[in-house]
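Counting in UniProt numbering, the sequence shown runs from 1 upward without gaps. Every residue, glycine too, gets a C-beta built ideally from N, C-alpha and C. Note sheet for the following structure.
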Amino acid sequence: MITLASLIADYGKYVDRDLITAIWAENSHDETKCRNIIHMLSGQPNPENHLPVTPTTSEDIWTNHSDILSQDSSPSPSSSKSSKSSSRNTSARLSLQNTGGSISKPLSGSETPGNKGSNGIEAITSLKTLVEFLAACFPECGRDYLETKVRDIFVTQQSSDTLQVDPIEAIDIISNSLYNDMEEVETLIYQQKISTDGSSNSGDFQRDRNGNLRHSLVDSTSSTSLAAIEAKYTVDPQSKTKRGKNKSKSKMDNGRVNGGGSSTSGGDNAWNEINRELDQLCALFPMLSTGTVKSTYHKCGADFDNALLQLSAQAEKHQSSKPRSGAETLGQTSKNKRPVSPSKAAHIVQSLQEMFPDQDTELLEEAAAQSVFDISIAAEKMLALISQAEAAAASAEKTKGSQKRGVKWQRADQLSNHKVVSAASVNSGNQQVIDKSVHDVFTRIPLADLAGGAREWVSGRDVDPAYCRKKSEELIEKRNELYTKAAQAYSRRNSQRNHSGTALYYSTEGHKCDARARVWRMRAAQATVAAAKRNDANVVDLHGLSRAEAVALALEEVNSWYVNLREEQLCRSTKTIQPLHVVTGLGNRSANGKALVHPAVVRALNDQGWWFEEHPGYVNVYGSRL
């Protein structure tokens, strides 16, 4: 007899107990179906003595199997017509006997005791028997739906005369097909309920987009309970598509882009994806049991990122609970007292350069020295130095208007303090989706290309620079959290073998956030420059930008200005040149009070062959020397 305690005892190490209890509460009236659902979630192979079937009615159960065999093998010639008719009708019915996990059914036609599947269970050779068998396993599905599925899947693969179907294989195939069609079926039911005339007599079958015949009626109560379980403990195909997986299967439909609707990827692909992610999590956390990894993954609703965070916390608690030996503590103390070798110092600086590619080497070396060359402390020191630099820049931005400067610098000050009219609202539909193939962190794109893309994006819509900076700050904050976690995992890589993979994951996600933050910062810079050019088209303000961003933006604006200048000279036949005024700043807001943007811009303009005049805090560009 199947009970809740027996299910927990059999599958408790593979499936979470709360999940088993919830499934039992939903399907307590059908114990065998409840066991089948839990067995499918456990990912374990089907045992030979397990029968995933349930008899539907009492008249389908055969209690005297030997009598049936004797009737089929040696029929009496003196039997009456009524007995023959009764025997034929009885043989046509499905005979299921749930005793000891075996199937008992009459043998007719080509069905012999030797026709067995790979699991040791007799193969089903009758189309009607197969439909009755599936109806017992899936009572929530309509009979017409199952008949259509059987004809589409099994009859097309092999002739009806030589039909041999393994019962367990049939259950797996129909389960995957039902999972794939559940969303479409529920959509049809919802459309029937909200129809104005309220009639549902439009036919038991409807044509889908591919022209296949689909049944549109499923028991509402059963489908609702089944959908609730799947929505809580399985993967939604649409969520997989949002994360970039199975995207190619849901993009095109008859040569056209499918703008709406549900994903068309098969249910078997979803289960393969779940198993692949579970294997990755088990490889990342070998110190945790397989049951813990699977239960945590299902608790998170098959969300890989959320499960990774929770498993990382569990792994840290698991490792911290182990007491350290005295020899290990003494070895660590003596190790800290030893002088640091130059090779280790260079390795720490190189690791910081991978985490913070936009920062100067001097700042990285300073953070490494302050941390006594510990990567975890060095990352925290680096984040603190970056925060101090940003705070100093913000305070200098507030007080720079009160400082007395020359006429030329006052002109630059006015240009940098221009007022930008904020957009009333930023429509989410106008936001451009960043192409992951273009902004891949492993193939660093030139900042010049990034500046050009940002300029085109800003020119096509009304953009508030403050909004872009806010988006960039949010991504930078998330990046700093990921870098901190990567540094903590990296520092424990020797004692915990799993944290090497965890550190790589956090570092990769941090690089992705950094790439997106640079895109939004470049958009904010382009929006600021565009707002200044509304008053004066020959002014480029580089205040508030990093050295790399300022150089890329200056070269982009100079090239655009020069192309427009040549077109005007050809059209108007004039030789007067109005220079491009590039405001670079004096460097008062930098960390050491030394100008960094100005010499970098001058060097880039000189290398590119531009004709310009250098002044304190700004540069006037007149044309090209080439």
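Distance from the Cα of Arg35 is smallest, within the candidate group Ile375, Ile2, Leu146, Gly609, for Ile2. Rounded to whole angstroms, Asp181 and Met40 show a C-alpha spacing of 18 Å. Judged by DSSP secondary structure, Glu140 falls outside any beta strand (DSSP E); it is assigned neither H nor E.
Shown here, Ser560 sits in a helix according to DSSP, grouped into three states. Per DSSP, Ser126 has no beta bridge partner at all. For Ala346, the number of other beta carbons within 10 angstroms of its own is below 16, and it is reported as exposed. Note that the C-beta distance between Tyr483 and Met355 is below 8 Å. Leu580 sits in a strand when the DSSP states are folded into three classes. The Cβ atoms of Ala527 and Cys468 sit closer than 8 Å to each other. In terms of Cβ geometry, Gly585 and His598 form a close pair [threshold 8 Å].
Inclusion of Trp520 and Lys471 in the CB contact set at 8 Å is warranted, their separation being smaller than that value. The beta carbon of Lys485 is closer than 6 Å to those of Tyr506 in its chain, skipping five residues each way along the sequence. Beta-bridge partners of Trp610 (DSSP): Ser624.
According to DSSP, Val165 shares a beta bridge with Ile124.
Per DSSP, reduced to three states, the secondary structure at His318 is helical. A Cβ-Cβ separation of about 6 Å places Gln578 in contact with Asn538 under the 8 Å criterion.
Beta-bridge pairing by DSSP links Asp541 to Val583. Counting C-beta atoms within 10 angstroms of its own C-beta, Lys344 has fewer than 16 neighbours from the protein chains shown and is therefore classed as exposed. When Arg566, Leu596, Arg523, Val583 are compared, the shortest CA-CA separation from Ser546 is found for Leu596.
Contact between Ala517 and Ala503 is absent: CB atoms are separated by about 21 Å, not below the 8 Å threshold.
In this structure, DSSP gives Tyr14 a state outside helix and strand, which the three-state scheme calls coil.
In this structure, DSSP gives Val155 a helical state, which the three-state scheme calls helix.
By the CB criterion at 8 Å, Gln314 and Leu288 fall inside the cutoff.
Around Ala368, the same chain offers Ala345, Ile348, Val349, Leu352, Ala378 as residues with beta carbons nearer than 7 Å, after the five sequence neighbours per side are excluded. DSSP links Tyr297 through a beta bridge to no other residue. Annotated as distal: Asp152 and Ala123, with beta-carbon spacing of 8 Å or more. Residue state for His511 is assigned as helix, using DSSP reduced to three classes. Rounded to whole angstroms, the separation of the alpha carbons of Glu26 and Lys128 is 29 Å. In terms of CA proximity to Trp611, Leu626 leads the group Gly617, Val601, Leu626, Ala600. Minimum Cα-Cα distance from Glu474 among the listed residues Asp279, Ala515, Cys141 corresponds to Ala515. Around the Cβ of Lys594, a 10 Å sphere holds fewer than 16 other Cβ atoms; the residue is exposed. Around the beta carbon of Asn272, fewer than 16 other beta carbons lie within 10 angstroms, which makes this residue exposed. Here the alpha carbon of Ser175 sits roughly 38 Å from the alpha carbon of His318. In the displayed model, Val597 falls within a helix according to three-state DSSP. Thr290 places its beta carbon 8 Å or farther from that of Cys300.
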